[in-house]
Amino acid sequence: MEINRDKITVPTMAEMAAKGEMPDILFWVGCAGSFDERAQKITRAFVKILYRAGIKYAVLGTEESCTGDPAKRAGNEFLFQMQAFMNIQTLNNYGIKKIVTACPHCFNTLKNEYPDLGGKYEVMHHTQLLQQLLDEGKIKVEGGKFSGKKITFHDPCYLGRGNGVYEAPRSVIEKLDSELSEMKRSRQRGFCCGAGGAQMFKDAEPGNKEVNVERTEEALALKPDVIATGCPFCMTMMTDGVKHFDKEAEVKVQDVAELIANALDL
Amino acid sequence: MSLQQSAFIILTLISFGFFGFTIFRLAKIFRLTKKEFRFDKIGERTVTTLLVAFGQSKMMKRPLAGILHAFVWWGFLVITIGSVEMMMDGITGNKKSLSFLGPFYSFVTASSDIFALLIIISCIIFLCRRYFTKPKRFIAPEMKPSSRTDATFILSLILILMVTLIGMNTAYVTSDSNDYSGSFPVSFYFTPALSSLGPEQITTLEKTNWWIHITIIYFFLNFLPYSKHFHVIASVPNVFFTRLEPYAKLNTMESVTHEVKLMLNPSEQSADTPPPQRFGVKDIEDVTWKTMLDAYTCTECGRCTAVCPANITGKLLSPRKLFIDLRRRAKDKAPGIIKSGSNFSDGKSLIGSDYITEEELWACTTCMACIEECPVDIDHVPFIVDMRRNLVMEESKVPSGLAVMFSNIENNGAPWAFSREDRFNWASEIYYGNK
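As given, the protein sequences belong to chains A and B, one line each in that order.
Numbering-wise (the working numbering), the first sequence opens with residue 1 and increments by one.
Numbering-wise (the working numbering), the second sequence opens with residue 267 and increments by one.
What follows is the structure in structure tokens.
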């Protein structure tokens, strides 16, 4: 394939609205996807796929703000609702109907918790959109790069158990012609990475092991080439876990979107 | 009316009378709790109840314990029909009051007879497990010796119930060998054992087993509400009233919505709703009736704790303990409130060193593995978050990292200390085809 080095300009809602245009879908980037250096790579990979698939999308850019998920889970309902009302106002002003996000926590909040406060949208996790794009043939991957590679998928709690999405990420990975190897604790019985419920932002309580070490140990036992996930927080925890075991050279932790972008040579 | 009949009627009245008294006392505890609407989607609730409660679908995740438990539960359901018949017989002085049901009667008696044997096998295996193989989840700081005693006692009672049932049926089949109602494939197998007994001895044997069996049933009925085995009664309604939303959805606090709207739009000062007395859950009066039902449904099986990432990695949190503590707290505090009114205080609360500590609450990752695992649909995470709400919004007791996270969200719109203006910087250099 010819290498195209076009610079991608990510359209914002403000620009689109100024031109009187509407995107088909709003990409909700989330705080991790916006600020965390590792998660930014996921964001960029996903944007490249959207560009390749010819999707008319937009982001909120600097108008986006935390959904309030960690505040709500930490018991600060005031702060959550303040954030929710601000975001809903922004989204409703633009007349947003459909949202995709690469963060299961934003996904859950936007999909399940904003409707009570007046924010009603169709919300997709990015693995669901990727599955759709692949099924519709809007993007086509050839497995060459990943054939013979062993990939294990770590279920993010807020995507899997929390919202019942187990198959979308797996169906995307299966398109890569690689070996999808399951951990014993997967799908409904998936084991947490340790970041949820606002744990990401505090020290762990005293114990005898870190949750992410326990989970990474399980993943590494399969001797995978890639530990795939679909959540920027799981990404942090699993990456730290792999470092803990000094396995960075052998095992990569990658988001499903990165795997697809990689297979597409983007 | 025979002497036996009179004695039985008195026994029945005492048993149901005392059971009624117990339920009345429990209802008083539930009246202290908060309202919550769980009467929608009756069709979906019915299907869930059939699958999870009657079909034991979540129990089957651990197949061995699952199938053995299902034998006991399904057996309990059919054998209960026979117990009702025994009560009818006892009151009226008739024999086999339901035998007019014909083929259905044969079906019920035959399956009861077979289940009785399966229950005996299951209970023996359960007892062996408690005493010999000792699954890890039965050993935990919150599992007091009384928990095992309680289990042993209940299992032994069930064993005696089943042995007397088969004993009674065997005697019945032997005595009326040519003309008995119903069908008893297991008991029939044991009839040769009674061949040396005379007809009177066989009648006495049948009567004795009948009396032991029915007396234990009445005792069982009245003992259940005072033991963790109240789940026999509570789990079906608990599953029926389960939360049907995605596990990860937490409820919206309407009292907070009201205040936030005022803050965002101070001109709407028509605030006639007084602020709520309490945010979140601090003590038993703050939980909803469904959370209290969760507590009374928990039979301390520990499947939740066995999958809890915090617990597995040595943290203090055990989801099972939270509901044991809630039930214990209700037992300790409710009588005081019922007697002296809502201002009653014993200087303690559900959150506190005597019951649930802050350290336990902050260890939860809200991963929902406990909810997924619970065979009777107990809803642990919303209960934990409700207690966190009290700590944060009323007590201002927040781990330092979370306090920083809150102020970052307030000031920058992100949980980290990054500037709002930098939020879109990730998009500055994206080249297609350039990793």
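Where a beta carbon is used, it is the ideal one built from N, C-alpha and C, also for glycine.
Owing to the predicted nature of the structure, the values given are computational and were not obtained by experimental measurement.
Would you please state the rounded distance, in angstroms, between the beta carbons of residue i and residue j? I believe it to be under 8 angstroms.
i: B/Glu408; j: B/Arg593; result: Not quite, the Cβ-Cβ distance comes to about 11 angstroms (not below 8 angstroms), so this is no contact.
i: B/Glu639; j: B/Arg595; result: About 24 angstroms; that fails the 8 angstroms criterion.
i: A/Met85; j: B/Val526; result: Contrary to the premise, residue 85 of chain A reads as Phe rather than Met in this sequence. Confirmed, about 6 angstroms.
i: A/Met200; j: A/Phe146; result: So it is not a contact: roughly 30 angstroms between Cβ atoms.
i: A/Ala58; j: A/Thr12; result: 6 angstroms
i: A/Cys193; j: B/Ala635; result: The pair is not a contact, with the Cβ atoms about 12 angstroms apart (cut-off 8 angstroms).
i: B/Pro411; j: A/Cys31; result: Not confirmed; about 49 angstroms, so no contact.
Is there at least one Cβ from chain B nearer than 8 angstroms to residue i's Cβ?
i: A/Arg44; result: yes
i: A/Asn79; result: According to the sequence as given, residue 79 of chain A is Leu; it is not Asn. For A/Leu79, the answer is yes, since a Cβ of chain B falls inside 8 angstroms of its Cβ.
i: A/Thr152; result: no
i: A/Gly54; result: no
i: A/Glu64; result: yes
i: A/Asp155; result: no
i: A/Val211; result: yes
i: A/Cys31; result: yes
i: A/Gly197; result: yes
i: A/Lys48; result: yes
i: A/Asp177; result: no
i: A/Met207; result: First, the amino acid is wrong: residue 207 of chain A is Gly here, not Met. At least one chain B Cβ lies under 8 angstroms of A/Gly207.
Taking the C-alpha atoms as reference points, what is the distance between residue i and residue j?
i: B/Thr565; j: B/Lys494; result: 5 angstroms
i: A/Gln89; j: B/Asp549; result: 36 angstroms
i: B/Asp652; j: A/Lys72; result: 10 angstroms
i: B/Lys701; j: A/Leu266; result: Model confidence at B/Lys701 stands at a pLDDT of 44, short of 50, so the residue's coordinates are unreliable and nothing is read from them.
i: A/Tyr51; j: A/Pro224; result: 30 angstroms
i: B/Ser413; j: B/Thr571; result: 16 angstroms
i: A/Ile8; j: A/Arg189; result: 40 angstroms
i: A/Met1; j: A/Ala53; result: At A/Met1, the pLDDT of 39 sits below 50, so the modelled position is not reliable and the matter cannot be decided from this model.
i: B/Ala406; j: B/Gly580; result: 11 angstroms
i: A/Ile3; j: B/Cys574; result: Any reading at A/Ile3 must be qualified, since the residue scores a pLDDT of 49, below 50, and its modelled position is unreliable; the value itself is stated next. So the alpha carbons of these two residues sit roughly 48 angstroms apart.
i: A/Gln131; j: A/Leu264; result: 14 angstroms
i: A/Ala195; j: B/Asp552; result: 28 angstroms
i: A/Lys184; j: A/Asp155; result: 12 angstroms
i: B/Phe690; j: A/Leu60; result: 9 angstroms
i: B/Tyr492; j: B/Asp442; result: 40 angstroms
i: B/Gln271; j: B/Ala336; result: 35 angstroms
i: B/Tyr698; j: A/Ile49; result: 9 angstroms
i: B/Arg677; j: B/Met325; result: Residue identity check: residue 677 of chain B is Asn in the sequence provided, not Arg. Taking the straight line joining both Cα atoms gives about 47 angstroms.
i: B/Thr481; j: B/Lys473; result: 12 angstroms
List, in chain order, every chain A residue whose beta-carbon is nearer than 7 angstroms to that of residue i.
i: B/Lys301; result: Here the premise fails: no neighbours, minimum Cβ distance about 17 angstroms.
i: B/Gly667; result: Phe201, Lys202, Asp203
i: B/Phe690; result: Gly61, Thr62
i: B/Arg654; result: Ala74, Gly75
i: B/Glu676; result: Leu79
Could you list which residues in chain B have their beta carbon closer than 8 angstroms to that of residue i, in chain order?
i: A/Cys192; result: Pro575, Thr631, Cys633, Ala635
i: A/Glu113; result: Lys515, Leu516, Thr518
Can you find a CB in chain A that lies within less than 8 angstroms of the CB of residue i?
i: B/Met519; result: yes
i: B/Ile622; result: no
i: B/Gly580; result: yes
i: B/Thr563; result: no
i: B/Leu530; result: yes
i: B/Thr571; result: no
i: B/Thr470; result: no
i: B/Arg304; result: no
i: B/Gly546; result: yes
For residue i, return the contacting residues in chain B, with the cut-off set at a CB-CB distance below 9 angstroms.
i: A/Ile8; result: Ala693, Ile696, Tyr697, Tyr698
i: A/Asn163; result: Pro512, Tyr513, Ala514, Lys515
i: A/Glu214; result: Pro575, Ile578, Thr579
Mind listing the chain B neighbours of residue i? Cutoff is C-beta to C-beta under 7 angstroms, in chain order.
i: A/Pro70; result: Met671, Pro681
i: A/Tyr51; result: Tyr698
For residue i, go through chain A and note every residue whose CB falls closer than 9 angstroms to its CB, in chain order.
i: B/Gly448; result: Neighbours of B/Gly448 on chain A: none; closest Cβ ~42 angstroms, over 9 angstroms.
i: B/Phe684; result: Cys31, Ser34, Phe35
Who are the neighbours of residue i on chain A, taking C-beta pairs under 8 angstroms?
i: B/Met659; result: Gly75, Asn76, Glu77, Phe78
i: B/Val505; result: Those do not exist, as B/Val505 stays about 17 angstroms from chain A at its closest Cβ, beyond 8 angstroms.
- [ ] With a floor of 4 residues, list each alpha helix (DSSP H) that falls wholly inside the segment 14-86 of chain A, ordered by position along the chain.
- [x] 30-35, 37-53, 69-73
Task: Runs of alpha helix (DSSP H) lying entirely within the segment 517-567 of chain B, each at least 4 residues, in chain order - done: 520-530, 555-563
Task: Whole runs of the alpha helix (DSSP H) within the segment 411-487 of chain B, excluding any shorter than 4 residues - done: 411-441, 451-456
Open item on the list: Residues of the segment 607-620 of chain B in Cβ contact with chain D at a cutoff of 8 angstroms, in chain order, please.
Closed with: Looking for chain D here will not work: the only protein chains present are A and B.
Open item on the list: My parser needs the beta strand (DSSP E) runs of 3 or more residues fully inside the segment 215-241 of chain A; what are they?
Closed with: 226-229
Task: Within the segment 571-612 of chain B, ranges of the alpha helix (DSSP H) (whole runs, at least 4 residues) - done: 575-578, 585-606
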